[in-house]
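Read the structure below first, then the notes.
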Amino acid sequence: MSTEESTAGRGEARPGGGYDVPRGGRSNFEVWSWVFMRVSGVILIFLSVYHLVWWNLVVGVEHLDSELVIDRWANPLYRLLNIALLTFAMLHGLNGARYSIEDYVRKPGLQLAVKGVVYTIVIGSLIFGIFALLTFDPSILTNR
Amino acid sequence: MAESRRKPTEAGRSKVRIRVLRYNPDTDKQPAYRDYTVSVEPTDRVLDALNAIKWYQDGSVTYRRSCAHGVCGSDAMRINGVNRLACKVLMRDVGAEVVIEPLMGFRIIKDLVVDMESFFAQYRSVLPYFVNDSRPPERERLQSIEERERFDDTTKCILCAACTTSCPSFWANEEFVGPATIVNAHRFVFDSRDDAAAPRLERLNGREGVWRCRTVFNCTEACPRDIRITQAIGEVKKAIMYGQIA
Numbered sequence: 348m349s350t351e352e353s354t355a356g357r358g359e360a361r362p363g364g365g366y367d368v369p370r371g372g373r374s375n376f377e378v379w380s381w382v383f384m385r386v387s388g389v390i391l392i393f394l395s396v397y398h399l400v401w402w403n404l405v406v407g408v409e410h411l412d413s414e415l416v417i418d419r420w421a422n423p424l425y426r427l428l429n430i431a432l433l434t435f436a437m438l439h440g441l442n443g444a445r446y447s448i449e450d451y452v453r454k455p456g457l458q459l460a461v462k463g464v465v466y467t468i469v470i471g472s473l474i475f476g477i478f479a480l481l482t483f484d485p486s487i488l489t490n491r
Numbered sequence: 006m007a008e009s010r011r012k013p014t015e016a017g018r019s020k021v022r023i024r025v026l027r028y029n030p031d032t033d034k035q036p037a038y039r040d041y042t043v044s045v046e047p048t049d050r051v052l053d054a055l056n057a058i059k060w061y062q063d064g065s066v067t068y069r070r071s072c073a074h075g076v077c078g079s080d081a082m083r084i085n086g087v088n089r090l091a092c093k094v095l096m097r098d099v100g101a102e103v104v105i106e107p108l109m110g111f112r113i114i115k116d117l118v119v120d121m122e123s124f125f126a127q128y129r130s131v132l133p134y135f136v137n138d139s140r141p142p143e144r145e146r147l148q149s150i151e152e153r154e155r156f157d158d159t160t161k162c163i164l165c166a167a168c169t170t171s172c173p174s175f176w177a178n179e180e181f182v183g184p185a186t187i188v189n190a191h192r193f194v195f196d197s198r199d200d201a202a203a204p205r206l207e208r209l210n211g212r213e214g215v216w217r218c219r220t221v222f223n224c225t226e227a228c229p230r231d232i233r234i235t236q237a238i239g240e241v242k243k244a245i246m247y248g249q250i251a
């Protein structure tokens, strides 16, 4: 929490009082977002542990080169696996960031602005990454 | 009678410095700490130390207390940075220097007395009472031991607000219903005799309802009744999830 909340706010009237009507009406968005966090979290454990342990420890960082990437991505299943890892990681992180923003950026206008910037960066890099994974052409590297 | 009473021994007593966050809205711009030194026994409670200050040193020190036995929930306060009931903490457990502050996140009315109106408004919003409009059976609405056990833990709440005011989500956003409200909703949602689970869960199925809980566990740590609050909140989340998805 900010210090402003704990000290300056003391002795002043606090907003709120009646809570009978939740803002924003009925929506199940938060339920789904909660389920998504749990499901994607479990999936990410397996995907990221595989990614980290297999490619960085078993294969070894020193052996990771473009040849290996070309070999691996020749199999569409690997591309799919990488798309899944990228998508779940980015969306899981994005939703976590949304939680923090909604908790701590309280001014509606500012919240919208911060969310806009974060969403643009995350969704933008997600689309960019998926695009790269789908359209990757080995000949770019092998013809060099 | 007089002989059987335990006399305070001089040897067992010690001087303790109590630092109280004082605030009088009529005269003070800001809350400020004031130090008091009191002589206490190890088995005295923090509430006894506060009473010693109020009764013998400074009558203006203001705090709530009622039953003084951990049942009414009046004297929840921050003791050495942790939400506790002053009547349930022994002086031997808090050291020679004690800092006492009001609960965080509420407006201070005076000294350790905070405005809990918003807290009770939240509490009221989840219908914290038994609802069943069907005609009762001849004698009473019976319940099995297992059905009673289902919500036994959350019946223990004394509404002291120690959980809610230890919750970072509540500090960040006072519109969050807070753990105490969810605990009291849980008590009726999982009562087999009760009929109003749906409106309670609907109230809690919002951004300011259970979903603002980030599973920090501060509430469970703070609860003077040892209610497994985070678990209760998890059960409410699951009840909403299965209600919406299944």
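Residue numbers (the working numbering), protein chains in the order written: chain A, 348 to 491; chain B, 6 to 251.
Every residue gets a Cβ at the ideal spot worked out from N, C-alpha and C, and that includes glycine.
Contacts around R22/B, its chain only, beta-carbon distance under 8 Å, and the 5 residues preceding and following it disregarded:
Here the question's residue 22/B lines up with position 17 in the second sequence. So the qualifying residues of the chain are D40, Y41, T42, A101, E102, V103.
Count the CB pairs spanning the segment 437-452 of chain A and the segment 402-412 of chain A that are closer than 8 Å, and state whether there are at least three.
no
List, in order along the chain, the chain B residues whose C-beta lies closer than 8 Å to that of N442/A?
The residue given as residue 442/A occupies position 95 in the first sequence. The contacting residues do not exist; N442/A stays about 11 Å from chain B at best.
Assign L399/A to buried or exposed, taking buried as 16 or more other Cβ atoms, counted over all protein chains shown, within 10 Å of its Cβ.
Walking along the first sequence from the start, residue 399/A turns up at place 52. Exposed, by the Cβ-count rule.
Could you check whether the Cβ of D412/A sits closer than 9 Å to any Cβ belonging to chain B?
The sequence position of residue 412/A within the first sequence is 65, counting from 1. Not an interface residue.
Determine which residues of the segment 163-178 of chain B have a Cβ less than 7 Å from any Cβ of chain A, and write them out in chain order.
P173, S174, W176, A177, N178
So A166/B packs on L117/B, CB below 8 Å; how close in whole Å?
The residue you call residue 166/B lines up with position 161 of the second sequence. The residue you call residue 117/B lines up with position 112 of the second sequence. Contact flag wrong, Cβ pair sits at about 13 Å.
Whole-angstrom distance between S44/B and P36/B, CA atom to CA atom:
Counting from 1 along the second sequence, the entry for residue 36/B is found at position 31. Counting from 1 along the second sequence, the entry for residue 44/B is found at position 39. About 25 Å.
Buried or exposed (CB count within 10 angstroms, at least 16 for buried), N422/A
Taking the first sequence and counting its residues from 1, the one referred to as residue 422/A is at position 75. Label assigned to N422/A: exposed.
I'd like to know if K242/B contacts chain A, where contact means its C-beta is closer than 9 Å to some C-beta of that chain.
The count along the second sequence starts at 1 and reaches residue 242/B at position 237. Closer than 9 Å to some Cβ of chain A, the Cβ of K242/B qualifies, so yes.
Could you give the distance in angstroms between the alpha-carbon of R205/B and the alpha-carbon of V386/A?
Within the second sequence, numbered from 1, the residue matching residue 205/B stands at position 200. Within the first sequence, numbered from 1, the residue matching residue 386/A stands at position 39. Roughly 26 Å between the two C-alpha positions.
For R97/B and K115/B, the rounded distance between their alpha carbons
To locate residue 115/B, count along the second sequence from 1; it is residue 110. To locate residue 97/B, count along the second sequence from 1; it is residue 92. One C-alpha to the other measures close to 28 Å.
Burial state of C72/B (16 or more Cβ within 10 Å)
Locating residue 72/B in the second sequence gives position 67, counting from the first residue. So C72/B counts as exposed.
With which residues is K115/B paired in a DSSP beta bridge?
Taking the second sequence and counting its residues from 1, one reaches residue 115/B at position 110. V118/B, per the DSSP bridge assignment.
List the residues of chain A that I245/B touches, going by C-beta distances under 8 Å, in chain order.
Numbered from its first residue, the second sequence carries residue 245/B at position 240. Within chain A, the residues placing a beta-carbon under 8 Å from that of I245/B are V378, ordered along the chain.
Does the segment 45-63 of chain B come into contact with the segment 125-139 of chain B, if we say contact requires no fewer than three beta-carbon pairs (one atom in each stretch) closer than 8 Å?
no
Tell me, to the nearest whole angstrom, how far the beta carbon of A126/B is from that of V194/B; I am working on the premise that it is less than 8 Å.
Your numbering for residue 126/B matches position 121 in the second sequence. Your numbering for residue 194/B matches position 189 in the second sequence. At roughly 19 Å, the Cβ-Cβ gap does not stay under 8 Å, so A126/B and V194/B are not in contact.
How many angstroms separate the CA atom of L424/A from the CA atom of E226/B?
On the first sequence, position 77 is the one that residue 424/A refers to. On the second sequence, position 221 is the one that residue 226/B refers to. Approximately 46 Å, taken between the alpha carbons.
How far does the alpha helix (DSSP H) with A54/B in it extend, from its first residue to its last?
Translated into positions along the second sequence, residue 54/B becomes position 49. Segment 51-61, the alpha helix (DSSP H) holding A54/B.
Quick one: using the 10 Å Cβ neighbour count with 16 as the cut-off for buried, is I487/A buried or exposed?
Working through the first sequence from its first residue, we reach residue 487/A at position 140. So I487/A ends up on the exposed side.
DSSP three-state assignment for S395/A, whether helix, strand or coil:
Here residue 395/A refers to the residue found at position 48 when the first sequence is read from its first residue. S395/A falls in the helix class under three-state DSSP.
For E102/B, which three-state DSSP category applies?
Counting from one through the second sequence, the residue named residue 102/B turns up at place 97. In the structure shown, E102/B falls within a strand segment according to DSSP collapsed to helix, strand and coil.
Starting from Y446/A, find everything on chain B with Cβ-Cβ shorter than 8 Å and list it in chain order.
Your numbering for residue 446/A matches position 99 in the first sequence. Those are R219, listed as they occur along chain B.
Close beta carbons around R69/B, own chain, < 8 Å, minus the five adjacent residues each side:
Indexing the second sequence from 1 puts residue 69/B at position 64. Excluding positions up to five away in sequence, the list reads S79, D80, L117, V118.
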